[in-house]
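Novice: The number in this note's numbering is simply the position in the sequence shown, starting from 1, with 11 added.
Cβ atoms here follow ideal geometry from the backbone N, Cα and C, with glycine treated the same way.
Source: prediction; values computed, not measured.
Pasting a structure here, questions to come.
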Amino acid sequence: MTEAIAQLRLQRNQDRRVRGGHPWIFSNEVASVEPEPRDGGLVDVLDDRGAFLGRAYYNRHSLIRARVMTRGRDPIDVDFFARRLERALRYRERVVPGLAAYRLVHSEADQLPGLVIDRYGDWLAVQITTLGMEARADLLREAIERVLSPRGVMRIADSPLRLLEGLPLERSVWWGDVPERVELSLDGFAVEADLHHGQKTGLFLDQRENRRWAEEQAAGLRVLDLFCYQGEWTLLALRGGAAEVVAVDSSEPALAAAARNVARHGGAERVQFRRGDVFDEQRALLDARERFGLVILDPPALIKSKSHLAAGARAYRELNRGAMQMLTEGGTLITCSCSHHLDDMLFRQVLLEAARMAKRPFRVRAWAGAAADHPQLLAVPETHYLKCAVLQAL
Numbered sequence: 012m013t014e015a016i017a018q019l020r021l022q023r024n025q026d027r028r029v030r031g032g033h034p035w036i037f038s039n040e041v042a043s044v045e046p047e048p049r050d051g052g053l054v055d056v057l058d059d060r061g062a063f064l065g066r067a068y069y070n071r072h073s074l075i076r077a078r079v080m081t082r083g084r085d086p087i088d089v090d091f092f093a094r095r096l097e098r099a100l101r102y103r104e105r106v107v108p109g110l111a112a113y114r115l116v117h118s119e120a121d122q123l124p125g126l127v128i129d130r131y132g133d134w135l136a137v138q139i140t141t142l143g144m145e146a147r148a149d150l151l152r153e154a155i156e157r158v159l160s161p162r163g164v165m166r167i168a169d170s171p172l173r174l175l176e177g178l179p180l181e182r183s184v185w186w187g188d189v190p191e192r193v194e195l196s197l198d199g200f201a202v203e204a205d206l207h208h209g210q211k212t213g214l215f216l217d218q219r220e221n222r223r224w225a226e227e228q229a230a231g232l233r234v235l236d237l238f239c240y241q242g243e244w245t246l247l248a249l250r251g252g253a254a255e256v257v258a259v260d261s262s263e264p265a266l267a268a269a270a271r272n273v274a275r276h277g278g279a280e281r282v283q284f285r286r287g288d289v290f291d292e293q294r295a296l297l298d299a300r301e302r303f304g305l306v307i308l309d310p311p312a313l314i315k316s317k318s319h320l321a322a323g324a325r326a327y328r329e330l331n332r333g334a335m336q337m338l339t340e341g342g343t344l345i346t347c348s349c350s351h352h353l354d355d356m357l358f359r360q361v362l363l364e365a366a367r368m369a370k371r372p373f374r375v376r377a378w379a380g381a382a383a384d385h386p387q388l389l390a391v392p393e394t395h396y397l398k399c400a401v402l403q404a405l
């Protein structure tokens, strides 16, 4: 049965961003929607003169009223999703060939707004964050089975973004069999991914290229890995010849997984795991006048919305000030932010203020973003969320 498609007409002069390639249409940009579609239903987006701009899904209860899925009049059916998945797969086969774990679909950057798919060998972790995509979950499932044939798929629907769309939070096996721990290769190491309970979808795949800096800088140094999670940065530091790694996280399951990952590859005698609030642990290390030649600071997103920007920026500044004070002369700080509300300019300002508070000058060795399987769209700044700065104390 063909889905009925309403017409969403934009207000005058509100078409420029959409014409430029951005898929979002905000509630204050809408002039009319006729007939009123069901939430999650399809609309054809028109400018104020009636010119067609694209086909989108709609949610009257969301600030982002519609999200464009195609610039044509394509039917949004199984074939549509299969074509999008095939194109996403071809891109990853070019930019990250031979990897067992990678991001297969990166939402707007793959023209599938509200959908993230991470691949872990024969298993998939699927995140749906919008009502419009949730309404087409059955079509998506059929397309996934046709194109990818996974052994099992995990539905990871616990993002707070779902609450903004009026969707419940859950985490469950969608179909097939998903083991408690998926073992695979990451950065050349055999590691485990917990798709059932782990943070994000199991592993932090977006930092794959940035973690190489830990290996390159660690030789002979004492290393501090703050927010170490399952030890991905720690493993690279050990392989790079770190003399000692102090790895800190608040999660007991994450630290247990990190210990198992380290034990698989030797070097456990060079790692000290510390569990506790990372802010408190950092202060304790500062009070004890501990010093490190390399500090890795990769916290979770500390700014969930624009209303939390000032408080989150203060938290980033405090973490970085402490990290800078703990560095030995000539030491290296690898510091990251995955909060998209903290853009490059603001993150640089936070680091500058932290350096002033620490009373230390720094040289910028590198300024990077997410790995290539997490592409950015030029017209969609929201797809650029991860910042990674490599700084050297002078």
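1. By alpha-carbon positions, which one of I75, L64 and E47 ends up nearest to E40?
2. Can you give the beta carbon distance from R84 to R66, rounded, assuming they're within the 8 Å contact cut?
3. Locate the beta strand (DSSP E) running through H117, then write down its first and last residues.
4. Determine the DSSP secondary structure at R286, reduced to helix, strand or coil.
5. Alpha carbons only, please: which of G31, L150 and Q25 is nearest the one belonging to A42?
6. Consult DSSP for A204 and reduce its assignment to one of helix, strand or coil.
7. For V401 and I345, which I take to be in contact (beta-carbon distance under 8 Å), what is that distance rounded to the nearest angstrom?
8. Tell whether a beta-carbon distance below 9 Å holds between A253 and V234.
9. What are the complete alpha helix (DSSP H) segments, minimum 4 residues, inside the segment 303-390?
10. For a test of the three-state rule: what should DSSP assign to Y102, helix, strand or coil?
11. Is the distance from the Cβ of F200 to the Cβ of H117 below 9 Å?
12. For V29, which residues of its own chain have a beta-carbon under 6 Å away from its beta-carbon, when the five flanking residues on both sides are left out?
13. What does G163 pair with, by DSSP beta-bridge criteria?
14. Taking the DSSP output, what are the residues bridged to F91?
15. Please classify A230: does DSSP put it in a helix, a strand, or coil?
16. For A248 and G163, I'd like the C-alpha separation in whole angstroms.
17. Around the C-beta of G125, are 16 or more other C-beta atoms found within 10 angstroms, so that it is buried, or is it exposed?
18. When the distance is taken between beta carbons, is R367 closer than 9 Å to L405?
19. Could you tell me how far apart the beta carbons of M165 and V137 are, in whole angstroms, since I believe they sit closer than 8 Å?
20. Please identify the residue among R95, L216, D90 and R71 whose C-alpha is closest to the C-alpha of G177.
21. Near A6, what residues of its chain come up, given a Cβ to Cβ distance below 7 Å and the 5 sequence neighbours on each side ignored?
22. Counting along the chain, where does the beta strand (DSSP E) carrying L174 start and finish?
23. Quick one: what does DSSP say S11 is sitting in, helix, strand or coil?
24. Kindly list the residues whose CB is nearer than 6 Å to the CB of I167, restricted to its own chain and excluding five residues on each side of it in sequence; keep chain order.
25. Does DSSP put L19 in a helix, in a strand, or in coil?
26. Rank P386, D55 and S348 by C-alpha distance to the C-alpha of R114 and give the top, closest one.
27. Please determine, among L246, R78 and P86, the residue with the shortest C-alpha to C-alpha distance to A279.
Specialist: So, from the listed chains and residues:
1. I75
2. 6 Å
3. A112 to H117
4. strand
5. Q25
6. strand
7. 5 Å
8. yes
9. 320-337 and 355-369
10. helix
11. no
12. L64
13. W134 and G187
14. For F91, which the question treats as bridged, DSSP gives no partner whatsoever.
15. coil
16. 33 Å
17. buried
18. no
19. 7 Å
20. R71
21. Residue 6 is absent from the model: the chain starts at 12 and stops at 405.
22. First-last for L174: L172 to L175, but that is the alpha helix (DSSP H), not the beta strand (DSSP E).
23. Limits of the chain in this structure are 12 at one end and 405 at the other, which puts residue 11 out of reach.
24. A136, Q138, R182 and T212
25. strand
26. P386
27. L246
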